[in-house]
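Presented below is the structure to which this report refers.
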Amino acid sequence: MSSLPQETKVVVIGGGIAGCSTAYHLAKNGWDTVLIERDVLTSGTTWHAAGMITQLGTTPQITKLRKYSVEFYKDLKNITGNDSSFKETGTINIATNKARHQEYLRQKTMSKLFDINIELINKKKFKDLYPIAKNSDIFSGLYIPEDGQADPEILTKVIAQAAKQEGVKIFENCKFKKIVKRGNQVRGVKTNIGEIKCEYVVLCAGMWSRQIGEAAGVSIPLYPNEHFYMITEDYKNLPKILPTFRDPETYLYVREYHKKIMIGIFEPNAKNAFSKTGKVPNNFSFGEFNVNKNYVNILHKLASKRIPHINKLNIEKYFSGPESFTPDTNYLLGETAEIKNFFVCCGFNSIGIGSAGGAGKATAEWMLKGHTTDDLLSLDVKRFEKFNSSLKFIKERVTESLGNLFKMHWPYKQLETSRNIKLLPYHKELKKLGACFGQMAGHERPMWFSRSQKPIYKYNYGKQNWYSSAKKESLATRKNLSLFELTPFVKFDMSGKFAHNQLQLLCANKIKSIPGKTSYTQMLNPSGGIEADVTISCIKENYFRIICPALARVHNSNHILRNITQEVKFRDVTDDFASLGLFGPNSRNFLTNLVGDYFSNIDFPFASGKYLNFANVKIWFQRLSFVGELGWELYIPIKKSKMIFKLIQNLGKKHNLCYAGMHTLDMLRLEKKFLHWGHDITSENNPIEAGLSFAVNLNKKENFIGRQSIEKIVKNPLKKKLELFSLKNAKKPGMPLLMHDEPIFLENKIIGYSTSSNYSFNYEKNIFLAYVKAELDLTKKLSIEVEGNNYLINHEIECLHDPKGLKLRN
């Protein structure tokens, strides 16, 4: 192409595999698309990728996208007439210990939800498939025969050809300069060869994405580390078809590479790239680093243990180059919060070749619909806040991210780097009480309180070491009184003459406008999917406070602000208040002794709130409880919260106050069948199938977002519904350890999948929530598969605890 067009529908920035895939899928859906590349296609990091392509991911969301990638790459020959270089070699992931074997059993179980052909193999089968490798220490392996490998440059250029066939205009040596905005909306892109007007931009610039975003005022949390591999000389008599394989305990991956062997390492303690400047040079095309001799020695030693013949081969190439990583090793997709119509598709954590086909398709569909109908929350760039992309945070965190790709993916695992970002004023007091802290949205919050051991997780796939603490905490909450730390929950204030009207248009339920009244509701997308799960309190006339889950801060504020049509005042007050929950049958008595006689059922009914002055501090109390007990939430000015906490602590000694963590909160809300946004309900689910019809008001006059879809849904039979289940014969806690995304069976047919689970110490049951086909008789013989074993389950017709809600309202 000689010159840029004056305008187009969308500009894709970046000519790696993600950019080419995104451009293809947009154009295939009829969008006029221009792709610009600062140098030539693949010159960033695509060119040096290992090219290993596997369908199985650590989450269902990633697995869906990778499975599509394989299908797409196979189909490219039909689309273009050219060989994409994809070769179906299969993949083997090997386990050399029982824990890794358990992890693979769980992955194999999850894969059944997606009809992926996976075989659990023994050491003999591994040797048959990979005869050049040592197998004496192998416990088991996961073999995925329909996985494969490809040459990343050839594959990308064939995708680019497919994109051109659909009308995509590709400009190489076209350097991005600036996003052109009007207000906070995309209007165009400036480049070294001219300016082009557009409605949308998709940033697929890989390791440059963070600094491009930063220049535009957009937070994109990724950063490159140094990554290392080596390639041998020709290996004589190498089998024609040799699976790729991963040996996670030694951090190695191996593939055949043009009759040679490529061996790479995901080292557990990674080194930042470009650490002196914190920026990727604009001209870093086909770039490499000087090879670290320590990596060479480590890699040779580990590689020769698995493939002894390596010692007899010359090494033709030692490679060290950059690969970008994200804080949680999940992709960055979706529209950014800062600029409307500015999307991202990057952050693939060294698995970009296997991910880009599906990620490009998902990005295109997101843009076409304006929202997602699949659950992509764990990949949405809006799951992160601005601090996550600061150099201090991201450079430290990604040194852990790289190694985590091959480390054990333990249940409840806490990340260790970039901690203590947001500490409560009473953090030290909680620590003295035995708190074991986890991090959520930067906040250090108690997960459990140690009573007889060090407050440290001991990870495993069975009975958890914190169960004894959670048992004490959950029993105390139901029988007496517990204090929960709730500060990370997000708090927005909306006020003004039109505030109530706007909330009525945003929310599916009728929002109460009487001061002191609280409403529970969902905010939906046009398809009826759940974008937010919130409580809204009317503080005073035309003044409302919205409370959201901790991880929803950017996502929910973006959803609200993008859909407001009248002038209102909107403020994020999350950091202005500490929040404590006092829950349990003795909470009224405790608060009466602490504050005064304000908490009777007449003076303070359920789902109401009011300001009370205590110790010369104005505190908002509201009578709600996520654990399903009598209780109150306290919203305390952050600067006064330490003093208030200590007053509660002092009185608590007389009332046998128990301090409880997030694990206990999760156990108790499951007993009550209260739902967790991000697990039980997402944009993939509507409130009717989730059992939240009571929070949808079709009698109100306002045409709230998603109303038309909900009206259609209620007129037709449901396809699936969310139900509570328990294990029938397995009563011991964590035996087996239920998690999520485990298939539910009726006889030999999958009829659903679990969404969240825990153990109920109050009812001595392993319990879980699951979506199942709506038309089925749930009294029949049902089972759940965990680690390859099937367990009979009971359908709990109603929640375990207080089905009529009398304790909440007492």
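Heads up: take any position in the sequence shown, counting from 1, add 219, and you land on my numbering. Heads up, the beta-carbon is just placed ideally off N, CA and C, and yes, glycines get one too.
For residue i, the three-state DSSP class (helix, strand or coil)
{"i": "ARG926", "result": "helix"}
{"i": "VAL792", "result": "coil"}
{"i": "ASP885", "result": "helix"}
{"i": "LYS520", "result": "helix"}
{"i": "LYS455", "result": "coil"}
{"i": "GLU903", "result": "coil"}
{"i": "GLN785", "result": "coil"}
{"i": "ILE337", "result": "coil"}
{"i": "ARG257", "result": "coil"}
{"i": "ILE855", "result": "strand"}
{"i": "ASP1021", "result": "coil"}
{"i": "LYS891", "result": "coil"}
{"i": "SER988", "result": "Reading off the sequence shown, one finds Leu at residue 988, where the question assumed Ser. Correct three-state label for LEU988: strand."}
{"i": "PRO665", "result": "strand"}
{"i": "GLY233", "result": "coil"}
Residues of its chain near residue i, where Cβ-Cβ distance is below 7 Å and the 5 sequence neighbours each way are ignored
{"i": "HIS244", "result": "GLY579, LYS580, ALA583"}
{"i": "ASN777", "result": "ALA556, LYS601"}
{"i": "PHE505", "result": "SER262, TRP266"}
{"i": "VAL814", "result": "LEU831, PHE833"}
{"i": "ASN168", "result": "Lying outside 220 to 1029, the shown extent of the chain, residue 168 is not represented and no answer is given."}
{"i": "TYR817", "result": "PHE823, LEU831"}
{"i": "GLN368", "result": "GLY270, MET271, ILE272, LYS306, THR308, THR463, ARG474"}
{"i": "ILE900", "result": "ILE749, ASP752, LEU894, ALA909"}
Contacts around residue i, its chain only, beta-carbon distance under 8 Å, and the 5 residues preceding and following it disregarded
{"i": "GLU486", "result": "PHE447, TYR470, TYR514, ILE517, LEU621, GLY622"}
{"i": "LYS865", "result": "TYR645, GLU648"}
{"i": "GLY577", "result": "LYS283, LEU284, ARG285, LYS286, TYR287, SER288, PHE291"}
{"i": "ILE924", "result": "LEU724, LEU725, MET742, LEU743, ASN744, PRO745, ASN782"}
{"i": "ASN805", "result": "ASN699, LEU700, HIS874"}
{"i": "ALA318", "result": "MET627, ASN679, TYR680"}
{"i": "ASN491", "result": "TYR442, PRO443, ASN444, GLU445, LYS614, VAL617, THR618"}
{"i": "LEU175", "result": "The structure shown has nothing for residue 175, since the chain only spans 220 to 1029."}
{"i": "MET862", "result": "ALA834, VAL836"}
Alpha carbon of residue i to alpha carbon of residue j, nearest angstrom
{"i": "ASP210", "j": "ASP594", "result": "Nothing about residue 210 can be read from this structure; the chain reaches only from 220 to 1029."}
{"i": "PRO546", "j": "VAL510", "result": "25 Å"}
{"i": "LYS416", "j": "HIS662", "result": "41 Å"}
{"i": "SER902", "j": "GLY748", "result": "4 Å"}
{"i": "PRO1022", "j": "LYS891", "result": "7 Å"}
{"i": "LEU943", "j": "THR974", "result": "10 Å"}
{"i": "ASN1008", "j": "PRO674", "result": "32 Å"}
{"i": "SER330", "j": "ILE970", "result": "14 Å"}
{"i": "LYS859", "j": "ILE779", "result": "30 Å"}
{"i": "GLY386", "j": "ASP251", "result": "7 Å"}
{"i": "ALA654", "j": "LEU941", "result": "33 Å"}
{"i": "TYR550", "j": "THR811", "result": "49 Å"}
Test: residue i CB closer than 7 Å to a CB of chain B
{"i": "PHE464", "result": "Protein chains in the displayed structure number just one, and chain B is not present."}
Residue i and residue j closer than 7 Å at C-beta
{"i": "SER435", "j": "ASN728", "result": "A small correction: the amino acid at residue 435 is Ala; Ser does not occupy that position in the sequence shown. For ALA435 and ASN728, no; Cβs fall outside 7 Å."}
{"i": "SER844", "j": "PHE809", "result": "no"}
{"i": "CYS423", "j": "GLY566", "result": "no"}
{"i": "PHE508", "j": "GLU445", "result": "yes"}
{"i": "VAL405", "j": "ASN560", "result": "yes"}
{"i": "GLU635", "j": "PRO665", "result": "no"}
{"i": "LEU937", "j": "ALA993", "result": "yes"}
{"i": "GLY573", "j": "ILE272", "result": "yes"}
{"i": "LEU831", "j": "ILE838", "result": "yes"}
{"i": "ALA352", "j": "GLY483", "result": "no"}
{"i": "LYS397", "j": "LYS409", "result": "yes"}
{"i": "MET481", "j": "ILE450", "result": "yes"}
{"i": "LEU260", "j": "ALA242", "result": "no"}
{"i": "ALA797", "j": "THR737", "result": "no"}
{"i": "GLU908", "j": "THR328", "result": "no"}
{"i": "LYS999", "j": "SER945", "result": "no"}
{"i": "ALA382", "j": "ALA522", "result": "no"}
{"i": "ILE766", "j": "ILE730", "result": "no"}
{"i": "SER693", "j": "MET886", "result": "yes"}
Own chain residues within Cβ distance below 6 Å of residue i, not counting five before or after
{"i": "ASN684", "result": "LYS677"}
Complete beta strand (DSSP E) runs within the stretch 905 to 979 (minimum length 3 residues, chain order): 939 to 946, 962 to 965, 968 to 979
Which full runs of the beta strand (DSSP E) of 3+ residues lie inside the stretch 530 to 578, going along the chain? 534 to 544, 551 to 554, 561 to 565
In chain order, what are the residue ranges of uninterrupted alpha helix (DSSP H) at least 4 long that sit wholly in the stretch 575 to 619? none
Quick one: which unbroken alpha helix (DSSP H) runs of 4-plus residues sit fully inside the stretch 336 to 404? Chain order, please. 342 to 348, 371 to 384
Residue ranges of each beta strand (DSSP E) run of no fewer than 3 residues wholly in the stretch 709 to 795, ordered along the chain? 709 to 714, 737 to 743, 749 to 759, 762 to 767, 788 to 791
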